[in-house]
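Shown next, in structure tokens, is the structure this report addresses.
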Amino acid sequence: MNYRSDIRNIVIIAHVDHGKTTLVDAMLKQSKVFRNNQMVGELIMDQNALEREKGITIMAKNTAVVYQGVKINIIDTPGHADFSGEVERVVSMADGCLLLVDSIEGPMPQTKFVLRLAMEMGLKPIVVINKVDRRNSRIAEVLKLTEDLFLELAISADQLDFPVLYASAREGTTVAELGMKGQDVTPLFECILGKVPPPKIESGPFQMLVSNLDYDSHKGKIAIGRIWRGKVAPHDPVVSVGADGSVTYYEISEVFTYLGLKHLKVEEVEAGDIVAVTGLDKVNIGDTIASPEQPEALPRIEIGEPTVEMTFGVNTSPFAGREGSFCTTRQLRARLYRELETNLSLRVQDTDSPDTFLVKGRGELHLAILIETMRREGYEFEVSKPEAITKVVDGNLVEPVEVLTIDTKDEHIGVLTEMLSKRQAQLTDMRNDGHDDVRLVFHVPTKGLIGFRTVFSTATHGESIMNTTFLGYEPYHGDIISTRNGALVASEQGIAVTYGLNNAQGRGCTFIEPGTLVYEGMVIGLNSQPKDIAINVCKEKKKTNVRSSTSDIAIKLAPPVQLSLEQAIDFINDDELVEVTPGNIRLRKRLLTQAQRSKDRSSSRRSVKQ
Ligand SMILES: Nc1nc2c(ncn2[C@@H]2O[C@H](COP(=O)(O)OP(=O)(O)OP(=O)(O)O)[C@@H](O)[C@H]2O)c(=O)[nH]1
Ligand SMILES: [Mg+2]
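Numbering (my numbering), first residue to last: -10 to 599.
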């Protein structure tokens, strides 16, 4: 067995926001892969528009730096649990991992999830306690908790022998010993070179596993992955081996390696490296590209199952087709199926209704990001309330269960535990920091988390943080009864006016401003009572000839509650939909007229009696 001592392959893993992308910034900046005058800013790898807006990484990405003549291929991954599929997709490319742990938060549920994955893949770990510059950091305690996590998860004894570095990714410094003054990230580079094994080279002809795909309007499909055997150059004949074992013949067009944010076109790429190749227009993630002499498939990438599902349908609102460029069933279907090529943990199914598709993902945010991406591309469609995906195992119905971690203040414990017990959550841990900060850990069925995020942030006045991670499947605990209040529903089509909205505000809170176009059946607010009510928000005040002293005083409306896309999806009930267009996010009843809704209610009452 040979090694390539001129390369190291590492993946950066952590819970959300622990500083992975910021640490990549520091490595890129120190290795001077940018021109001196090039403005690169922060979170350089988070280039996608939604990543920049939300300040989170959504897709795993490759980059590389050169240190002391050794190329370090770096894979940045997302920390949010909904994008776990991205981590699963890329870990097999690496030989080592940097596990980042926030010096205040310590190991979080997703830290455990990603570390388990890395241990199972046999990666050599390096622990980086990050954000040591923060005032309240509790480094010794966090290190102890991290060691406990390794004791729980390590598969072999040598995985317990991990180096620890202390970092301020934001300041671009790392040190090997606490108390030392950090200068730069040299100690991290040294540690990677010293501790992460160089890639092993197996003997034999070319073989590479495709872990990612990219597109270029000139080059076409770009397959990205690690070469396990041999080498490849432009014009070489290769085959790709698909999921069903089918073999397709191709000729390689171009080959690239990584440096900084660039693809470097090269003459040849060799085993041990992470590379990009073009010329294979039908290749998929998980396929093996190999020399036709020995077309053996590498093990396919295993991706966890989706836990929530919702329907995506053609827009059926009265305003359908006004704002989108892609509104037909054919366009919607093609777009959803295309997403499957790169979004590995997503599933799409046709349903009995030709206009509606069932889309399954790893969480509400996973689906919300897809919805937002499609709406920005010009698609118009409607989506239903997300539901947890149950399945039958050995004849028993089981449902997904998650670990919910909440960091909050003492005063919110009562209201949170009460809200969560209605959602079938069980408190498994509660830790107080001695002041009034407390961490609560619950096990809660996924169905109990749907619709929880919005009420959570209102109930704790935005002062708390919640995180969830998939735990496993448990026997179905029974249905949860929705406790949301009724909707305020527009009773007529037209333009909402101040007078009409003021009437609506007498009943509850409203979601729209005067001047908004509404249609019958559109949800324009939340009632303060459990029942839905229909209100004519387009109704103007009756004009009279009598002038009263108060009639001219302008009505002052409370500002509308503006729901984001995620909040809208979280908010709706089974009998409602979210209408998504490039210009608007509207909530609506499935049945638009009051007559249809009352008929539906009475028929469902009759069926309960029978
Ligand atoms: N004080 C301090 N803040 C930091 C440090 N490193 C990162 N941050 C901040 O923490 C936040 C999250 O940083 P990111 O680098 O986006 O975290 P991430 O782990 O890539 O997050 P995801 O990719 O979404 O999982 C940003 O506001 C950073 O500026 C650090 O060393 N010290
Ligand atoms: Mg990131």
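Even glycine gets a Cβ: it sits at the ideal position worked out from N, Cα and C.
Quick caveat: nothing in here was measured; it's all calculated off a predicted structure.
Residues near residue i by beta carbon distance below 6 Å, same chain, minus five either side
i           : result
residue 442 : 559
residue 528 : 489
residue 32  : 10
residue 102 : 458
residue 505 : 485
residue 521 : 475, 476, 478
Environment of residue i [buried if 16+ CB atoms lie within 10 Å]
i           : result
residue 323 : exposed
residue 183 : exposed
residue 419 : exposed
residue 517 : exposed
residue 224 : exposed
residue 538 : Confidence in residue 538 is poor, its pLDDT being 48 and thus under 50, which makes the residue's placement unreliable; the coordinate value appears in the next sentence. It counts as exposed.
residue 545 : exposed
residue 350 : buried
residue 169 : exposed
residue 386 : exposed
residue 397 : buried
residue 368 : buried
residue 92  : buried
residue 57  : exposed
residue 462 : buried
Three-state secondary structure assigned by DSSP to residue i
i           : result
residue 455 : strand
residue 181 : helix
residue 422 : coil
residue 322 : helix
residue 559 : helix
residue 200 : strand
residue 538 : Bear in mind that a pLDDT of 48 at residue 538, under 50, signals an unreliable position, so the model cannot answer this.
residue 508 : coil
residue 583 : helix
residue 528 : coil
residue 212 : strand
residue 14  : helix
residue 7   : coil
residue 91  : strand
residue 301 : strand
residue 245 : strand
residue 83  : coil
residue 191 : strand
residue 102 : helix
residue 339 : strand
residue 592 : helix
residue 186 : coil
residue 356 : helix
residue 205 : strand
Under 9 Å between C-beta atoms of residue i and residue j
i           : j           : result
residue 188 : residue 64  : no
residue 430 : residue 392 : yes
residue 346 : residue 325 : yes
residue 115 : residue 140 : no
residue 371 : residue 301 : yes
residue 142 : residue 2   : no
residue 478 : residue 524 : yes
residue 279 : residue 229 : yes
residue 384 : residue 414 : no
residue 495 : residue 473 : no
residue 266 : residue 221 : yes
residue 567 : residue 363 : no
residue 293 : residue 74  : yes
residue 165 : residue 121 : no
Sequence-distant residues of its chain with Cβ nearer than 7 Å to residue i (five each side left out)
i           : result
residue 40  : 46, 47
residue 361 : 39, 554
residue 644 : Only positions -10 to 599 of the chain appear in this structure, which leaves residue 644 out of reach.
residue 173 : 19, 161, 162
residue 35  : 10, 41, 46
Residues near residue i in its chain [Cβ-Cβ closer than 8 Å; skip 5 each side]
i           : result
residue 193 : 218, 219, 283
residue 593 : none
residue 580 : 510, 564, 586, 589
residue 81  : 110, 198, 200, 215, 290
residue 112 : 0, 80, 83, 84, 85, 86
What runs of the beta strand (DSSP E), each 3 residues or longer, lie entirely inside the segment 270 to 297?
-> 277 to 279
Start-end ranges of the beta strand (DSSP E) lying completely within the segment 109 to 154, minimum 3 residues | 113 to 119
Length-filtered (4 minimum) alpha helix (DSSP H) runs lying within the segment 365 to 412 | 402 to 410
Which ranges would you report for the beta strand (DSSP E) in the segment 16 to 58 if only whole runs of at least 3 residues count?
-> 50 to 56
Unbroken alpha helix (DSSP H) runs of length 4 or more, entirely within the segment 462 to 517: which are they?
-> 487 to 494
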